[in-house]
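Right, one structure below, let's go through it.
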Amino acid sequence: MNDIDAWVWWLVGAAALGIPLVVTALPEFGMFAVGAVAAAIAASVGGGAVVQVLTFVIVSVALIAVVRPIAARHRTQRPQLATGVDALKGRQAVVLERVDGSGGRIKLAGEVWSARSLDTGHAYEVGQEVDVVEIEGATAIVM
40 MNDIDAWVWW LVGAAALGIP LVVTALPEFG MFAVGAVAAA IAASVGGGAV VQVLTFVIVS
100 VALIAVVRPI AARHRTQRPQ LATGVDALKG RQAVVLERVD GSGGRIKLAG EVWSARSLDT
160 GHAYEVGQEV DVVEIEGATA IVM
């Protein structure tokens, strides 16, 4: 064991930290693995044990301090590209059958949808353009 250089042990440690990264999908293990690689580089250029450990700790902590807040911010952000029914909100549609508070039909994004008026006292006649404000199930709420 004394014949193996310290940098090899750091690389073995980095590989060992990569296994739980893959198994658990916790990115912190990857950051520790990068810290171990940095310590291996410090060992290969002749740094002593204290320098190696400090390099490992500093790089690992710096990565966690920088990357975790960025990842948390991306996790809580809504996607910029609206898909599904979210993509239909705000679009215009054409009334195919009279739409009022109790129902009707519209043509929205090339498809026929059931629809009802947001304002139950207001009705839209055939051919009028309406704006979709909400989708409830398979019914578009229009105004």
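Going by the numbering used here, the sequence shown opens with residue 40, and the numbers climb by one from there. Ideal Cβ placement from N, Cα and C applies to all residues, glycine included.
- Around the CB of Ala126, fewer than 16 other CB atoms lie within 10 Å, so the residue is classed as exposed.
- For Gly149, the secondary structure class from DSSP, reduced to helix, strand or coil, is coil.
- For the set Ala162, Glu136, Gly142 and Val105, the Cα lying nearest the Cα of Glu175 is the one of Gly142.
- In the same chain as Val89, and ignoring 5 residues on each side of it, no C-beta atom comes closer than 8 angstroms to its own.
- Measuring C-alpha to C-alpha distances from Thr159 to each of Leu147, Val138 and Val169 identifies Val138 as the nearest.
- Val181 places its beta carbon less than 8 angstroms from that of Ser156.
- In terms of Cα proximity to Glu173, the closest of Ile80, Val92, Gly57 and Arg130 is Arg130.
- Between Gly86 and Thr94 a beta carbon distance of about 7 angstroms is seen, short of the 8 angstroms cut, so the two are scored as contacting.
- Scanning the stretch 67-106 for uninterrupted beta strand (DSSP E) segments of 3 residues or longer gives nothing; none is fully contained.
- A direct Cα-Cα distance of roughly 29 angstroms separates Lys128 from Ala110.
- Taking all protein chains in view, the Cβ of Ala64 is surrounded by fewer than 16 other Cβ atoms within 10 Å, so the residue is classified as exposed.
- Rounded to the nearest whole angstrom, the CA to CA distance from Arg114 to Arg107 is 10 angstroms.
- Per DSSP, reduced to three states, the secondary structure at Arg112 is helical.
- Approximately 10 angstroms separates the beta-carbon atoms of Trp49 and Ala72; this is outside 8 angstroms, ruling out the contact.
- Only residues of its own chain outside the window of five on either side were considered, and among them Ile103 have a CB closer than 7 angstroms to the CB of Glu67, listed in chain order.
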